Every structure is written in structure tokens, then in C-alpha cells.
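S.K.: Residue numbers (the working numbering): 12 to 268.
For each residue, glycine too, the CB sits at the ideal point set by N, CA and C.
None of the values given here were measured: they were computed from a predicted structure.
Below you will find the structure I want to go over with you.
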DNA sequence: ATGTCGGAATTATTCCGA
């Protein structure tokens with residue numbers, strides 16, 4: 012099984028780009044973030060024609076998450092309980108016996124912004140929800156854009172950015188609390204010292220200067236880790252393809268037995 | 001160069017969020 016996560020930064024702007032990538036990589040399951048459309052605008056027919064069905068939790072204009080899969084998807088959860096006012100940021104579906112969640116953690120803007128405590132509260136609520144809804148011995152994947160840089164190795168410039176947004180002890184402690192629910196950072200498990208990033212700002216030529224962050228993760232429970240062969244970050248798809256603009260995030264792909 | 005994007009509100013221009 013090949014499972015991926017990708018923040019597409021607007022599905023309507025990215026659908027041709029995404030379809031080209033699906034044809035090339037042929038993932039079995041993909042969790043998407045930042046759809047930026049309402050459920051009713053999701054192009055189910057387009058993805059069905061490409062061989063995928065979707066569980067979608069969207070909203071007008073912003074946020075929005077989905078689970079795409081070649082096999083049937085059964086919706087388990089729409090929205091993070093108690094945190095719906097922060098937007099459509101969680102959907103969980105069961106696919107081939109695996110509970111698959113797509114999450115889009117609030118950005119928080121900066122540590123002095125009123126959104127920052129909201130981000131921490133959302134992460135607290137996610138840890139509580141996972142503890143209540145999932146057993147650590149069951150097959151679970153939580154993939155998405157976490158908007159947290161868990162360790163210095165995950166940042167292009169830890170020295171300058173430590174203590175700033177994505178790089179605070181508060182965010183990192185809460186990311187660790189997610190792992191404490193019995194989850195593993197699948198990329199890091201297979202690539203313990205790799206300095207690779209999944210997001211680069213559109214501005215200032217950040218991609219070409221190597222100024223990125225690793226903030227997109229596939230977290231998996233022990234049964235998934237036992238099946239894990241490899242994890243890659245598909246940075247070629249952060250580049251323009253045949254004249255089509257890329258997202259500011261690259262896909263992350265895990266290969267499972 | 002805070003140097004770009006996507007989307008909304010509004011009618012090609014400005015704002016917001018990331």
C-alpha cells in the first residue's frame with residue numbers, strides 16, 4: 012500500500028496538477044489539505060474517472076481536508092470535536108482496514124497572535140481525540156500539514172527561528188504528545204538523519220535557496236510501522252510541471268507492505 | 001524587496017491568509 016499526504020493549496024487551482032501526479036505515482040491513499048472549497052464543490056466525478064473516491068470535509072474559501080483512495084472509503088469522523096469553529100481541519104475514513112485521518116493544524120500566524128493559543132488548544136484536542144477514538148494497537152495513519160517543525164533538523168535555520176512560530180517548545184511538546192498516543196513519524200523512522208523539507212515559501216525564491224521546513228507528516232501506529240518499507244518527500248512536485256503552478260508543499264509518500 | 005500564491009469581494013483592484 013502506498014499512502015501519501017499533500018497540502019495542495021487550493022484544489023480548484025491544483026486539480027490538473029494533482030491528477031497528473033496521481034497518474035504518475037499511483038498512490039492507493041492520499042490525504043489532502045487546504046482544499047479551499049465547500050463539500051458541494053468537490054469534483055468527485057473527476058477523481059472517480061481517475062480511479063479514486065473521496066471522503067471530504069470542506070468549507071467555503073479556506074481550510075478543507077479529504078481522504079482519497081482507490082478502495083472504498085467509509086467516513087469515520089468529520090471535524091475535530093469541540094474545535095469546529097476553527098475550520099474544517101480533520102476528516103477520518105476507514106480504508107482497507109486502516110483508519111486514515113487528514114489533518115490541517117492551524118497555522119497560528121506568530122507567537123504573539125491570538126491564533127497561537129488556538130493552535131495549541133487544537134493540538135491538545137487532537138491528542139485527546141486520538142486517545143479516545145483510536146487504540147494504539149490498531150492500524151492508524153494521521154497525515155497532514157501540522158504547521159510544526161518538530162526538531163532542529165526539520166528547519167532550514169533553527170538558530171534564527173528557534174522560539175518563533177513552528178519552532179516553539181509549546182508546539183513541539185504538543186507534537187510529541189501526538190507521538191505519545193502510539194504514533195511514529197514515519198519519514199523520520201526510516202530517515203533518521205535526513206535533512207529534507209516538505210514546505211517552502213512561495214516568496215523570495217525560498218525553494219531554490221533551500222529555505223524550507225519539514226511540517227507535513229505521515230504519523231502511523233505500530234502495526235503500520237511494522238509494514239513500513241520507505242518514506243520519501245516528492246520534492247520534484249514542488250516544481251512547476253508542464254506550465255502548471257505547484258503548491259507550496261511537496262507530497263510525502265510512504266510505501267507499506 | 002515583506003519580492004508569491006489562491007480565493008473573496010468586487011468588477012481589475014485590493015484585501016486576507018499562508
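Taking Cβ to Cβ, would you say residue 43 is nearer than 7 Å to residue 73?
M.R.: As a position in the first chain, residue 43 is number 32, starting the count at 1. As a position in the first chain, residue 73 is number 62, starting the count at 1. No. Outside cutoff.
S.K.: Name, in chain order, the residues that DSSP records as bridge partners for residue 68.
M.R.: As a position in the first chain, residue 68 is number 57, starting the count at 1. DSSP output for residue 68 lists 76 as bridge partner(s).
S.K.: Identify every residue that forms a DSSP beta bridge with residue 101.
M.R.: The count along the first chain starts at 1 and reaches residue 101 at position 90. DSSP lists 114 as partners of residue 101.
S.K.: Roughly how many angstroms lie between the CA atoms of residue 194 and residue 256, to the nearest whole one?
M.R.: By one-based count along the first chain, residue 194 stands at place 183. By one-based count along the first chain, residue 256 stands at place 245. For residue 194 and residue 256, the distance between alpha carbons rounds to 33 Å.
S.K.: Measuring straight from C-alpha to C-alpha, what distance separates residue 156 and residue 114?
M.R.: Within the first chain, numbered from 1, the residue matching residue 156 stands at position 145. Within the first chain, numbered from 1, the residue matching residue 114 stands at position 103. Answer to the nearest angstrom: the Cα atoms are 6 Å apart.
S.K.: Given a threshold of 16 other Cβ atoms within 10 Å of its Cβ, counted over all protein chains shown, does residue 237 qualify as buried or as exposed?
M.R.: Stepping through the first chain from its first residue, residue 237 is reached at position 226. Label assigned to residue 237: exposed.
S.K.: Compare the beta carbon distance of residue 106 and residue 40 with 7 Å and say whether it is the shorter of the two.
M.R.: Position 95 of the first chain holds residue 106. Position 29 of the first chain holds residue 40. Yes. Within cutoff.
S.K.: Can you tell me the Cα-Cα spacing of residue 45 and residue 131, whole angstroms?
M.R.: Within the first chain, numbered from 1, the residue matching residue 45 stands at position 34. Within the first chain, numbered from 1, the residue matching residue 131 stands at position 120. Taking the straight line joining both Cα atoms gives about 19 Å.
S.K.: So, using beta-carbon positions, are residue 192 and residue 141 closer together than 7 Å?
M.R.: Along the first chain, read from residue 1 onward, the residue named residue 192 stands at position 181. Along the first chain, read from residue 1 onward, the residue named residue 141 stands at position 130. Closer than 7 Å, so yes.
S.K.: Taking all protein chains shown into account, decide if residue 38 is buried (16 or more other Cβ within 10 angstroms of its Cβ) or exposed.
M.R.: Walking along the first chain from the start, residue 38 turns up at place 27. Result: buried.
S.K.: So the beta strand (DSSP E) residue 17 belongs to, where does it begin and stop?
M.R.: For the purposes of this step, residue 17 is identified with residue 6 of the first chain, where counting begins at 1. Residues 13-18.
S.K.: For residue 188, which residues in the same chain have their Cβ closer than 6 Å to its Cβ, ignoring the five residues on either side in sequence?
M.R.: Here residue 188 is taken as the residue at index 177 of the first chain, counted from 1. Excluding positions up to five away in sequence, the list reads 138.
S.K.: What number of angstroms, rounded off, separates the C-alpha of residue 175 from the C-alpha of residue 268?
M.R.: Numbered from 1 along the first chain, position 164 holds the residue referred to as residue 175. Numbered from 1 along the first chain, position 257 holds the residue referred to as residue 268. Those two C-alpha atoms are separated by around 39 Å.
S.K.: My guess is that residue 71 and residue 49 are in contact by the Cβ rule of under 8 Å, so how many angstroms apart are they, rounded?
M.R.: The count along the first chain starts at 1 and reaches residue 71 at position 60. The count along the first chain starts at 1 and reaches residue 49 at position 38. Contact holds; Cβ gap of about 5 Å.
S.K.: Are the CB atoms of residue 15 and residue 264 within a distance shorter than 7 Å?
M.R.: Along the first chain, one-based indexing puts residue 264 at 253. Along the first chain, one-based indexing puts residue 15 at 4. Contact flag set, yes.
S.K.: Would you kindly work out how many angstroms separate the C-alpha atoms of residue 248 and residue 222, rounded to a whole number?
M.R.: Walking along the first chain from the start, residue 248 turns up at place 237. Walking along the first chain from the start, residue 222 turns up at place 211. If I take the Cα positions, the gap works out to 16 Å.
S.K.: Flag residue 187 as yes when its Cβ comes closer than 6 Å to any non-hydrogen atom of the ligand MN, and as no otherwise.
M.R.: Among the components modelled here there is no ligand, and therefore nothing to report on the ligand MN.
S.K.: At which residue ranges does the segment 119-176 contain complete alpha helix (DSSP H) runs of 4 or more residues, listed in the order of the chain?
M.R.: Counting only runs of 4 or more, we get 126-144, 169-172.
S.K.: Answer yes or no: do residue 241 and residue 225 have a C-beta to C-beta separation smaller than 7 Å?
M.R.: As a working mapping, residue 241 is identified with position 230 in the first chain. As a working mapping, residue 225 is identified with position 214 in the first chain. No, they are not a contact pair.
S.K.: Does residue 117 pass the burial test, meaning 16 or more other C-beta atoms within 10 Å, or should it be called exposed?
M.R.: Looking up residue 117 in the first chain gives position 106. By the 10 Å Cβ count, residue 117 comes out buried.
S.K.: When you compare only the Cα positions, how much space is there between residue 125 and residue 119?
M.R.: Locating residue 125 in the first chain gives position 114, where the first residue counts as 1. Locating residue 119 in the first chain gives position 108, where the first residue counts as 1. Computed Cα separation, rounded: 8 Å.
S.K.: What are the uninterrupted segments assigned as beta strand (DSSP E) that are 3 or more residues long and contained completely in the segment 175-211, given in chain order?
M.R.: Correct list: 194-196.
S.K.: Can you list, in chain order, the residues of its chain with a C-beta nearer than 8 Å to that of residue 206? Leave out the 5 residues immediately preceding and following it.
M.R.: By 1-based counting over the first chain, the position of residue 206 is 195. Excluding residues within five positions, the ones whose Cβ falls inside 8 Å are 164.
S.K.: When you compare each of 29, 170, 200 to residue 7 by their alpha carbons, which one comes out closest?
M.R.: With the chain covering 12 to 268 only, the question about residue 7 has no answer from this structure.
S.K.: Rounded to a whole number of angstroms, what is the C-alpha to C-alpha distance between residue 85 and residue 111?
M.R.: Taking the first chain and counting its residues from 1, one reaches residue 85 at position 74. Taking the first chain and counting its residues from 1, one reaches residue 111 at position 100. Using only the alpha carbons, I get a separation of about 10 Å.
S.K.: Residue 59 and residue 77 - do their beta-carbons sit closer together than 7 Å?
M.R.: Numbered from 1 along the first chain, position 66 holds the residue referred to as residue 77. Numbered from 1 along the first chain, position 48 holds the residue referred to as residue 59. No, the pair does not count as a contact, with Cβ atoms beyond the cut-off.
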